[in-house]
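Heads up, the thing below is written out as structure tokens.
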Amino acid sequence: ILIVFLSDCSHAPELDSDSYFLSVYESNTTSQRNLNSEDKRKKLLRNLKKAYGLEKEAYEEDIDIPNKRKYRDRADLRRIKVGSDVPVELPDAPPASVHRPISSENKGRKMLEKMGWKAGEGLGKEGSGLKEPVSMGNRSMVQ
1 ILIVFLSDCS HAPELDSDSY FLSVYESNTT SQRNLNSEDK RKKLLRNLKK
51 AYGLEKEAYE EDIDIPNKRK YRDRADLRRI KVGSDVPVEL PDAPPASVHR
101 PISSENKGRK MLEKMGWKAG EGLGKEGSGL KEPVSMGNRS MVQ
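See the structure below:
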């Protein structure tokens with residue numbers, strides 16, 4: 001553990017009296033060596049609070065300061081002002097409908113046909129499952 005002291009150089013004739021130098025001492029006391037890192041952190045924090053006169057201060061929330069700079073989303077401002085060079089192309093696929101059958105090019109339909117399903121049959125081992133899409137409607141009571 002290193003202990004650092006800041007001293008004035010008035011006692012050294014070869015140095016300017018206004019100069020300062022750092023003194024470094026190594027501390028090898030057993031009490032310092034046996035402290036774990038969390039204890040060292042707490043002790044350092046306690047010493048810092050004591051040095052700045054904050055040992056009895058509670059944590060204060062960030063107060064809204066009028067001159068404090070707030071985050072500005074510059075990318076959003078640029079998108080509003082300039083726009084985008086890349087045009088967005090919407091797919092040509094028509095919207096889905098429960099009144100129109102799924103096309104034969106549909107990936108899901110192809111997979112079902114490979115497993116033995118045929119148009120007009122129900123799903124499941126016996127073919128007795130749903131044949132129509134589940135319709136949307138209002139339910140008066142949920143059971």
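full-length UniProt numbering puts the first residue of the sequence shown at 1, with every later residue one more than the last. Beta carbons are placed, not taken as given, at the ideal position from N, Cα and C, and that holds for glycine. Values in this document were obtained by computation on a predicted structure and should not be read as measured data.
Element boundaries [alpha helix (DSSP H), containing residue i]
| i | result |
| --- | --- |
| R74 | R74 to K81 |
| G108 | K107 to K114 |
| R41 | S37 to A51 |
For residue j and residue i, the rounded distance between their alpha carbons
| i | j | result |
| --- | --- | --- |
| A51 | L45 | 10 Å |
| G127 | P94 | 29 Å |
| K56 | P87 | 60 Å |
| D92 | K70 | 43 Å |
| E105 | M111 | 11 Å |
| L77 | K114 | 51 Å |
| S37 | N47 | 15 Å |
| R72 | S84 | 19 Å |
| L90 | I102 | 20 Å |
Spatial neighbours of residue i in its chain, beta-carbon cut-off 8 Å, leaving aside the 5 residues before and after
| i | result |
| --- | --- |
| G129 | G122 and L123 |
| S135 | V98 |
Buried or exposed by the 16-neighbour rule on C-beta atoms within 10 Å, applied to residue i
| i | result |
| --- | --- |
| S23 | Residue placement at S23 cannot be trusted, given a pLDDT of 49 that sits under 50; what the coordinates show is reported in the next sentence. Exposed. |
Sequence-distant residues of the same chain with beta carbon closer than 7 Å to residue i, five excluded per side
| i | result |
| --- | --- |
| K49 | E55 |
Proximal residues to residue i (C-beta, below 6 Å), its chain only, five neighbours per side dropped
| i | result |
| --- | --- |
| K131 | G122 |
| G108 | none |
| D18 | Note that D18 scores a pLDDT of 49, beneath 50, so its modelled location is shaky and nothing firm can be said. |
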